[in-house]
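2 protein chains.
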Amino acid sequence: MLVRKFTIPEIIFGRGSLEYIGVSARSLGARKVLLVSDPGLEKAGWVKHLTDILDHEKLDWVYYSDVVSNPRDFQVQRGAIVYRENEADVIIALGGGSPMDAAKGIAAVVSNGGHIHDYEGANRITRPLPPMVFAPTTAGSGADISQFAIITDVGRRVKMSIISRTLVPNISIIDSNVLQTKPRELIIAAALDALCHAVESYVSTIASPFTETQSMQAIQLIIGHLVPALETRSPNSLEQLSIASTTAAMAFSNAGLGAVHALAHSLGGIFDTLHGMVHPVLLPPVMRFNLPACAGKMAFLGGVLLGKRGRSDKLTALAAIEKLEELFLLLDVPVKLSQIVNDDSKLPELCRMATNDVCLLTNPRPANWEDLLRICEKAWQ
Amino acid sequence: MLVRKFTIPEIIFGRGSLEYIGVSARSLGARKVLLVSDPGLEKAGWVKHLTDILDHEKLDWVYYSDVVSNPRDFQVQRGAIVYRENEADVIIALGGGSPMDAAKGIAAVVSNGGHIHDYEGANRITRPLPPMVFAPTTAGSGADISQFAIITDVGRRVKMSIISRTLVPNISIIDSNVLQTKPRELIIAAALDALCHAVESYVSTIASPFTETQSMQAIQLIIGHLVPALETRSPNSLEQLSIASTTAAMAFSNAGLGAVHALAHSLGGIFDTLHGMVHPVLLPPVMRFNLPACAGKMAFLGGVLLGKRGRSDKLTALAAIEKLEELFLLLDVPVKLSQIVNDDSKLPELCRMATNDVCLLTNPRPANWEDLLRICEKAWQ
Numbered sequence: 015m016l017v018r019k020f021t022i023p024e025i026i027f028g029r030g031s032l033e034y035i036g037v038s039a040r041s042l043g044a045r046k047v048l049l050v051s052d053p054g055l056e057k058a059g060w061v062k063h064l065t066d067i068l069d070h071e072k073l074d075w076v077y078y079s080d081v082v083s084n085p086r087d088f089q090v091q092r093g094a095i096v097y098r099e100n101e102a103d104v105i106i107a108l109g110g111g112s113p114m115d116a117a118k119g120i121a122a123v124v125s126n127g128g129h130i131h132d133y134e135g136a137n138r139i140t141r142p143l144p145p146m147v148f149a150p151t152t153a154g155s156g157a158d159i160s161q162f163a164i165i166t167d168v169g170r171r172v173k174m175s176i177i178s179r180t181l182v183p184n185i186s187i188i189d190s191n192v193l194q195t196k197p198r199e200l201i202i203a204a205a206l207d208a209l210c211h212a213v214e215s216y217v218s219t220i221a222s223p224f225t226e227t228q229s230m231q232a233i234q235l236i237i238g239h240l241v242p243a244l245e246t247r248s249p250n251s252l253e254q255l256s257i258a259s260t261t262a263a264m265a266f267s268n269a270g271l272g273a274v275h276a277l278a279h280s281l282g283g284i285f286d287t288l289h290g291m292v293h294p295v296l297l298p299p300v301m302r303f304n305l306p307a308c309a310g311k312m313a314f315l316g317g318v319l320l321g322k323r324g325r326s327d328k329l330t331a332l333a334a335i336e337k338l339e340e341l342f343l344l345l346d347v348p349v350k351l352s353q354i355v356n357d358d359s360k361l362p363e364l365c366r367m368a369t370n371d372v373c374l375l376t377n378p379r380p381a382n383w384e385d386l387l388r389i390c391e392k393a394w395q
Numbered sequence: 015m016l017v018r019k020f021t022i023p024e025i026i027f028g029r030g031s032l033e034y035i036g037v038s039a040r041s042l043g044a045r046k047v048l049l050v051s052d053p054g055l056e057k058a059g060w061v062k063h064l065t066d067i068l069d070h071e072k073l074d075w076v077y078y079s080d081v082v083s084n085p086r087d088f089q090v091q092r093g094a095i096v097y098r099e100n101e102a103d104v105i106i107a108l109g110g111g112s113p114m115d116a117a118k119g120i121a122a123v124v125s126n127g128g129h130i131h132d133y134e135g136a137n138r139i140t141r142p143l144p145p146m147v148f149a150p151t152t153a154g155s156g157a158d159i160s161q162f163a164i165i166t167d168v169g170r171r172v173k174m175s176i177i178s179r180t181l182v183p184n185i186s187i188i189d190s191n192v193l194q195t196k197p198r199e200l201i202i203a204a205a206l207d208a209l210c211h212a213v214e215s216y217v218s219t220i221a222s223p224f225t226e227t228q229s230m231q232a233i234q235l236i237i238g239h240l241v242p243a244l245e246t247r248s249p250n251s252l253e254q255l256s257i258a259s260t261t262a263a264m265a266f267s268n269a270g271l272g273a274v275h276a277l278a279h280s281l282g283g284i285f286d287t288l289h290g291m292v293h294p295v296l297l298p299p300v301m302r303f304n305l306p307a308c309a310g311k312m313a314f315l316g317g318v319l320l321g322k323r324g325r326s327d328k329l330t331a332l333a334a335i336e337k338l339e340e341l342f343l344l345l346d347v348p349v350k351l352s353q354i355v356n357d358d359s360k361l362p363e364l365c366r367m368a369t370n371d372v373c374l375l376t377n378p379r380p381a382n383w384e385d386l387l388r389i390c391e392k393a394w395q
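Chains as they are written, first to last, in our numbering: chain A, 15 to 395; chain B, 15 to 395.
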């Protein structure tokens, strides 16, 4: 094993733990909080719940909600202005991946200056960020744990991957009670994002014993609890999805991702697709493409998923991919690229863009744009 | 599950990673480093290796080596004076649990004032500590990961447990190459300490899905690699012990320990015993005492250790305890309390002391001093 780094935030986990958000911000020196969330969470009452906690803690706050799914570069820049004009000193994000990624972008810009575009890629942020406390409201993105922020460059129609150790929030407060109000589609999209984080990080070229265990734990929990969580909404099954999302994020934040996420970012940039719904389309063909480079690991994964091994690593790995495809069919999600985008003439451009995504660097099998195009063609129908 | 906290340092792991210690200290703002180590590591050449790295990084440093096994309160106070007189700003510890625990104590005293005695127990340290970078040279204590510092109060002959989130170092650099020069006895003592961390944290009353996976990973790695590591000293098997020590520490730092460690601290305080060598004596009788309170978890552990389950949880758990006893016999370590201390008249006092140890709070079965005495009597011969 080469030298590997492993870093995660301080985690406060459990039903009702959102109550700790005020004292957590105060422990980081907060006097005035920039709270980043979105209109959906306002409607569901969670923003009010959180500002009540901040008021109770006698913490001043300013609210920023100009964030959409696949958050835009200009929304980050506007948020930075709000932070500065209000002299905030700590950033709280409440939301799924979009408000959290926007909050990370704002933190980078207010402390390092310039434009969020300046920080695209790995390790481009040099100065320390203001303290961040995140409360995820989906069990999937892992932005509450990870070193990643994904921001859309509207001009280029590219989802920029920004990766830096300083983008790990100081404290993450993971309260699965907030999942109770989520629609079925969002629970599925988030869980499949976490599943893809777990699979891609497990076979990543820089996976380590610290990340592999976390990846496998996430895969087992999602396979075991996603369908029951959708059917029963029981607090326990939702909590298991939160645990899965958290451990998958510990893994991918430190081991990186692969071709599915590289392509998903390009798809999101060009077509503004819902991120999590891209994975059932792309994960199986990418796993088949990667199989020759990591048959042993995929077979181990298969052995755990299936409870048995086949006659060869390859057969076990293929059976594992089919098991995932069965799950996607059961969930009734799109499984063909043609179901989520309507224009295959853009596929070559999309694949060329994906080769510039930092996620492709840790894919277990090297892939050029033509390899990616063949994957997309297989995913098309 | 109730609300659980999980926090670990940033980890840099791998053979040769010690090279990163200078840049790591500098990234935390170091200008003058207090380096805490011990004469054994000086003789083995590791202190010189480390100061060469600091010199190369053009970092000023001052060296403090007045640390023994089971580090003393007065050694912490003296170290604090050295830190202050030399205007150090970052603390590096190179060593096993003793130099690292001493370094934590020094960090607490220089930033919070007073005497190390003031901080005995949980959450007594209120002000932030100077940045700490730790490089463990044994695969066992977990002091490089944990919120714990164990310092001997010489006057009372008590090993004080000091627990605070702020005692987690900022960065830990875990380089298993340093294990190559360790004598057999120290590798065993450290690995058995890690094994006990893993078992006690696994059945702790505040274990969580984040710690349980880590505990089990450590147990499997130690069972699989300790004997090969002693026989071959292969870089890979030593590295596996380092991984085990690290994941066991992630677990116990966040889930706590139990009666074995409460008793081990009292034994160390009264008899100055080598910490790791207490575990083969105490772990089996404590596991038998705890069995009625956590038969299901012990059986799960047993199933993994043995590769099969017995006719009942109780039988599987008992078989797991016997499997550990076989390992201890194979290692030729003391397995009776009478082999490591010579005076059973002090056992009642020892057990009364242990009931004040914070580690006892998370033991799965409540134990008063008479319960502990019965455990010690069973362990005696």
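Backbone N, C-alpha and C fix where the C-beta goes; we use that ideal spot for every residue, glycine too. In this text the structure is predicted, and so the values were computed from the model without any measurement.
With respect to chain B, the C-beta atom of Ile22(A) has a partner C-beta closer than 8 Å. Using a C-beta cut-off of 8 Å, the segment 312-324 of chain B makes no contact with the segment 164-175 of chain B, since fewer than three inter-stretch Cβ pairs fall below that distance.
Counting only runs of 3 or more residues that sit fully inside the segment 200-249 of chain B, no beta strand (DSSP E) segment turns up. Against chain A, the beta carbon of Ser31(B) has neighbours under 7 Å at Val17, listed in chain order. A distance below 7 Å between beta-carbons, with the five flanking residues on each side excluded, links Lys360(A) to the following residues of its chain, in chain order: Ile284.
Inclusion of Val295(A) and Ala203(A) in the CB contact set at 8 Å is not warranted, their separation being larger than that value.
In this structure Pro23(B) is not in contact with Pro142(B), their Cβ atoms being roughly 15 Å apart against a cut-off of 8 Å. Here the alpha carbon of Asp103(B) sits roughly 53 Å from the alpha carbon of Ile389(A). Scanning Cys365(A), Thr227(A) and Ser251(A) for the CA closest to the CA of Ile236(A) turns up Ser251(A).
A residue is called buried when at least 16 other Cβ atoms come within 10 angstroms of its Cβ; Lys196(A) meets this threshold and is buried. Between Arg247(A) and the set Ser190(A), Cys308(A) and Asp80(A), the nearest pair of CA atoms involves Ser190(A). Not a single C-beta of chain A is nearer than 8 Å to the C-beta of Gln89(B). In this structure, DSSP gives Thr21(B) a state outside helix and strand, which the three-state scheme calls coil. Between the alpha carbons of Asp69(A) and Tyr34(A) lies a gap of roughly 13 Å. Membership of Asp69(A) in any beta strand (DSSP E) is not indicated; the residue belongs instead to the alpha helix (DSSP H) covering Trp60 to His70.
The segment 90-103 of chain A makes no contact with the segment 169-187 of chain A; the number of CB pairs closer than 8 Å stays below 3. The beta carbons of Ala269(A) and Ala208(A) sit no closer together than 8 Å. The beta carbon of Ile67(B) sits closer than 6 Å to those of Ile35 and Gly36, all from its chain and outside the five residues before and after it, given in chain order.
Pairing Gly272(A) with Thr376(A) gives a Cβ-Cβ distance under 8 Å. At a cut-off of 8 Å between C-beta atoms, Pro378(A) does not count as an interface residue with respect to chain B. In this structure the segment 54-65 of chain B does not touch the segment 114-125 of chain B; the number of beta carbon pairs closer than 8 Å is below three.
By the Cβ criterion, the segment 214-221 of chain A is not in contact with the segment 35-53 of chain A, since fewer than three pairs of Cβ atoms, one from each stretch, lie closer than 8 Å. One alpha carbon belongs to Leu288(B), the other to Pro362(B), and they sit about 21 Å apart. Between Ile25(B) and Thr225(B), the C-beta spacing is not below 8 Å. Bounds of the beta strand (DSSP E) holding Asp167(B) are Phe162 to Asp167. In the three-state reduction of the DSSP assignment, Gly135(A) falls in the strand class. Using beta-carbon distances, Gln161(A) does not count as an interface residue toward chain B, since no partner is under 8 Å.
Proximity of Phe27(A) to chain B, defined by a Cβ-Cβ separation below 8 Å, is satisfied. Taking C-beta separations shorter than 6 Å and ignoring five residues to either side along the sequence, the partners of Gln231(B) in its chain run Thr261, following chain order. With fewer than 16 neighbouring CB atoms inside 10 Å of its own CB, Asp357(A) falls in the exposed class. Classified as exposed, Ser326(B) has fewer than 16 neighbouring CB atoms from the shown chains inside 10 Å of its CB. Taking a 10 Å sphere around the C-beta of Arg29(A), we find 16 or more other C-beta atoms and assign the residue as buried.
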